[in-house]
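Participant:
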Amino acid sequence: VLSIGLLGLAALQTSVLRSVQVADMRTRAVQAAADMVERMHANPAGMAAGQYVIPRQHTARHSAATGMALNDLVDWFARLAKLPDGQGEIRRCNHGCGSGQATWSVTVWWNAARDPVAHGFHCPPRTGEDLRCVRLVLR
């Protein structure tokens, strides 16, 4: 009876540790997205020139960014690299990303389960094969 109780306690502890890891990953993803939004607000000229546009699965090298925007993107991708399979996308939505006005969206994806099968990029996730994500929209 004691051994069954100890096994149950070990399973509970494992579950708690997993939940803490998932929460930590989500916190880091939200912080990375929020940091980029703040950086973009601090550089309105770079935003107006479209220097922050970066498609998913690209890096700062693939952008048209220069100066402050390039530095912001390099720092952002360094933060994303600390998430499992961390990736990001910044896009300008001329029709408001669903809001009806010109906006920007900053999206961060990561593999919370560290599952090699996870590969989808729907945000919010639609299936178990989609990576977890956070999307912030700024106007």
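If you're matching positions, the sequence shown starts at 46 in our numbering and goes up one per residue. Here a beta-carbon is modelled for each residue, glycine too, at the ideal position from N, C-alpha and C. Because the structure is a prediction, the values reported are computed rather than measured.
1. Residue 183 by DSSP, collapsed to three states: which one?
2. Expressed to the nearest angstrom, what Euclidean distance is found between the alpha-carbon atoms of residue 165 and residue 47?
3. Looking at C-alpha atoms only, which residue of 53, 177, 52 is the closest neighbour of residue 20?
4. For the putative contact between residue 70 and residue 121, defined by C-beta atoms under 8 Å, what is the C-beta separation to the nearest angstrom?
5. Comparing alpha-carbon positions, which option in 50, 139, 131 lies nearest residue 78?
6. For residue 59, which of helix, strand or coil comes out of DSSP?
7. Rounded to whole angstroms, how far is the Cβ of residue 185 from the Cβ of residue 153, which I believe are closer than 8 Å?
8. Return the chain-ordered list of same chain residues with a C-beta closer than 6 Å to the C-beta of residue 183, the five sequence neighbours on each side being excluded.
Facilitator: To lay it out plainly:
1. strand
2. 44 Å
3. A question about residue 20 goes unanswered here, because the residues of the chain that appear run from 46 up to 184.
4. Rounded, the Cβ-Cβ distance is 16 Å, inconsistent with contact.
5. 131
6. helix
7. Absent from the structure is residue 185, since the part of the chain shown begins at 46 and ends at 184.
8. 82, 149.
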